[in-house]
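K.L.:
Chains as they are written, first to last, in my numbering: chain A, 1 to 132; chain B, 1001 to 1185.
We put the CB at the ideal spot given by N, CA and C, even for glycine.
Before I ask anything, let me first share the structure, which is written out below as structure tokens.
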Amino acid sequence: TVGCVALDRAGNLAAGTSTGGMTNKKYGRVGDAPIIGAGTYANNATCAVSATGWGEFFIRVGVARDIAAQMEYRGTPLRAAAAATIAKVAQLGGDGGVIALDAQGDIAMEFNSPGMYRAFRFSDRPAVIAIY
Amino acid sequence: KRYGLVIHGGAGVIERAAMSPEREAEYRTALNQALQAGYAVLDQGGSALEAVTAAINLMEDNPLFNAGKGAVFNADGICELDASVMDGRTQAAGAVAALHHIKNPINLARDVMLKSEHVMLVGDGAEKFAQSLGYQLVPNAYFQTDWRREQLKKAQEQEKEKAGKKTAALPAAPVDYFTRTLRWG
């Protein structure tokens, strides 16, 4: 799975996710990547999110929207919201991660599995590429 | 005002410790290319939506990632692709699933959002919609790589092995590195 969240000069957020899904999938199985609110979500008032991981769990938690909802209803900061949501995924037995970005340009890269590849670049800081 | 982007190339794929320096360099180069492509759009005043699709297009075209070319195989031995996109300004959204012949699924997800009255289209219907917009269908072989074919073979062998050993008394298999990499490629 690959994904991207972006913040433009006008202060607008967007999110996208694209995937081949799961090896040996059957019966038209679909994971979280194409499900708005699970694998992808964006709202200028809260954040943009793209997820990657064990899709069944990400759908059940409604991961991307869950992060935004914490910000919207409780004013939870982005990183804390992302961490709380990934903890819910872990509690159910799922793993994976998210990248998230808010309208101030704050980012979260929360994950609970090894091998997450991610990178970011902003107008006021150099590019960072990280592989765990 | 700050602008920029964050990308990911999947989780639970090859762990760094199990990766050769050459392979790690390939991944870093690919991530950097996608990052710079998206950033260039933003730097030139483009929209967040345009930046997202520009960055994802490069990863879809790169066989290192499980998206577009180089995607994992389904049980029928073909690649089956999904994508979605959302615009934070309008909360418009578009999604596609179970595609077999669309080179860049994220572009079609964007077009579902911008050029249809729907949010999600799947399978043959989504591909018919793509054709109505002038998309060229590509053969499924375009997405297929030997590395992913080998992963499918291993997954199916493992599945057969498990089926042979299955008894009601056995606990569920733990999630280990092997199953994780098979799941997500």
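#1: Please report the distance separating the alpha-carbon of A955(B) from that of G31(A).
#2: Any idea what DSSP makes of A1141(B), helix, strand or coil?
#3: Note down, in chain order, each residue of its chain lying with its Cβ closer than 6 Å to the Cβ of D8(A), except the 5 sequence neighbours on either side.
#4: Would you call the CB atoms of Q1055(B) and C4(A) closer than 8 Å?
#5: Taking Cβ-Cβ distances shorter than 9 Å, what residues in chain B pair up with Y73(A)?
#6: Short check: CB of A14(A) to CB of A69(A), under 8 Å?
#7: Beta-carbon of K26(A) versus every beta-carbon of chain B: anything under 8 Å?
#8: Are at least three pairs of beta-carbons, each pair with one atom in the stretch 1084-1094 of chain B and one in the stretch 1028-1041 of chain B, less than 8 Å apart?
#9: Classify E987(B) as buried or exposed, calling it buried when 16 or more other Cβ atoms lie within 10 Å of its own Cβ.
#10: With DSSP as the reference, identify every bridge partner of I129(A), one or two as the case may be.
#11: What does the Cβ neighbour count give for W1147(B), buried or exposed, with the cut at 16 atoms within 10 Å?
#12: Of the residues A127(A), F120(A) and K26(A), which one's Cα is nearest the Cα of H1008(B)?
#13: Does any CB atom of chain B fall closer than 8 Å to the CB of V89(A)?
#14: How long is the line joining the alpha carbons of D1087(B) and T19(A), rounded to whole angstroms?
#15: What's the gap between the Cα of A1034(B) and the Cα of K1165(B)?
#16: To test your reading of the DSSP string, which unbroken alpha helix (DSSP H) runs of 4 or more residues are found completely within the stretch 1082-1168 of chain B?
#17: At a Cβ threshold of 8 Å, is T85(A) touching chain B?
#18: Pull up the DSSP beta-bridge partners for F111(A), would you.
#19: Please check if any C-beta of chain B sits within less than 8 Å of the C-beta of G11(A).
#20: Out of L1108(B), K1115(B) and M1113(B), point me to the one whose CA is closest to G1123(B)'s CA.
#21: Mapping DSSP to helix, strand and coil, what is A86(A)?
#22: Would D66(A) pass as an interface residue toward chain B - the criterion being a Cβ-Cβ separation below 8 Å?
#23: Against chain A, does P1174(B) count as a neighbour if the rule is that its beta carbon must be under 8 Å from one of theirs?
#24: Between the stretch 41-58 of chain A and the stretch 78-98 of chain A, do at least 3 Cβ pairs fall closer than 8 Å?
#25: Taking buried to mean at least 16 other C-beta atoms within 10 Å of its own C-beta, is Y117(A) buried or exposed?
#26: For G55(A), which of helix, strand or coil comes out of DSSP?
P.N.:
To lay it out plainly:
#1: Absent from the structure is residue 955(B), since the part of chain B shown begins at 1001 and ends at 1185.
#2: Numbered from 1 along the second sequence, position 141 holds the residue referred to as residue 1141(B). Helix, per DSSP.
#3: Reading the first sequence from its first residue, position 8 is the one you call residue 8(A). Hits under 6 Å: none found.
#4: The count along the second sequence starts at 1 and reaches residue 1055(B) at position 55. The count along the first sequence starts at 1 and reaches residue 4(A) at position 4. Residue identity differs from the one stated: residue 1055(B) is Ala in this sequence, not Gln. Contact flag set, yes.
#5: Along the first sequence, one-based indexing puts residue 73(A) at 73. The premise fails here: Y73(A) is roughly 16 Å from chain B at the closest Cβ pair, so nothing lies under 9 Å.
#6: Along the first sequence, one-based indexing puts residue 14(A) at 14. Along the first sequence, one-based indexing puts residue 69(A) at 69. No, Cβ-Cβ distance for A14(A) and A69(A) is not below 8 Å.
#7: Locating residue 26(A) in the first sequence gives position 26, counting from the first residue. K26(A) counts as touching chain B.
#8: no
#9: Because chain B is modelled from 1001 through 1185, residue 987(B) falls outside the range shown and cannot be assessed.
#10: Translated into positions along the first sequence, residue 129(A) becomes position 129. According to DSSP, which records beta bridges pairwise, I129(A) is partnered with A119(A).
#11: Locating residue 1147(B) in the second sequence gives position 147, where the first residue counts as 1. It counts as exposed.
#12: As a working mapping, residue 1008(B) is identified with position 8 in the second sequence. Checking every option, the nearest Cα to that of H1008(B) belongs to F120(A).
#13: Translated into the one-based positions of the first sequence, residue 89(A) becomes position 89. By this cut-off, V89(A) is not an interface position.
#14: Taking the first residue of the second sequence as 1, we reach residue 1087(B) at position 87. Taking the first residue of the first sequence as 1, we reach residue 19(A) at position 19. When rounded, the distance between both Cα atoms is 19 Å.
#15: Indexing the second sequence from 1 puts residue 1034(B) at position 34. Indexing the second sequence from 1 puts residue 1165(B) at position 165. Approximately 44 Å, taken between the alpha carbons.
#16: 1105-1115, 1123-1132 and 1146-1165
#17: Position 85 of the first sequence, counted from the first residue, corresponds to residue 85(A). Judged by the 8 Å Cβ criterion, T85(A) is not in contact with chain B.
#18: Position 111 of the first sequence, counting from 1, holds the residue named residue 111(A). Bridge partners of F111(A): G97(A).
#19: Numbered from 1 along the first sequence, position 11 holds the residue referred to as residue 11(A). Answer yes: the Cβ-Cβ gap between G11(A) and chain B drops below 8 Å somewhere.
#20: In the second sequence, the residue the question calls residue 1123(B) occupies position 123. Answer by Cα proximity: L1108(B).
#21: To locate residue 86(A), count along the first sequence from 1; it is residue 86. The sequence shown places Ile at residue 86(A), not Ala. Helix.
#22: Within the first sequence, numbered from 1, the residue matching residue 66(A) stands at position 66. No, D66(A) lies away from the interface with chain B (no Cβ there is under 8 Å from its Cβ).
#23: Here the question's residue 1174(B) lines up with position 174 in the second sequence. Its pLDDT being 48, under 50, P1174(B) is placed unreliably in this model, and the value from its coordinates should be taken loosely. False, the Cβ-Cβ gap to chain A never drops below 8 Å.
#24: yes
#25: Here residue 117(A) refers to the residue found at position 117 of the first sequence. Y117(A) comes out buried.
#26: Along the first sequence, one-based indexing puts residue 55(A) at 55. Here G55(A) sits in helix by DSSP.
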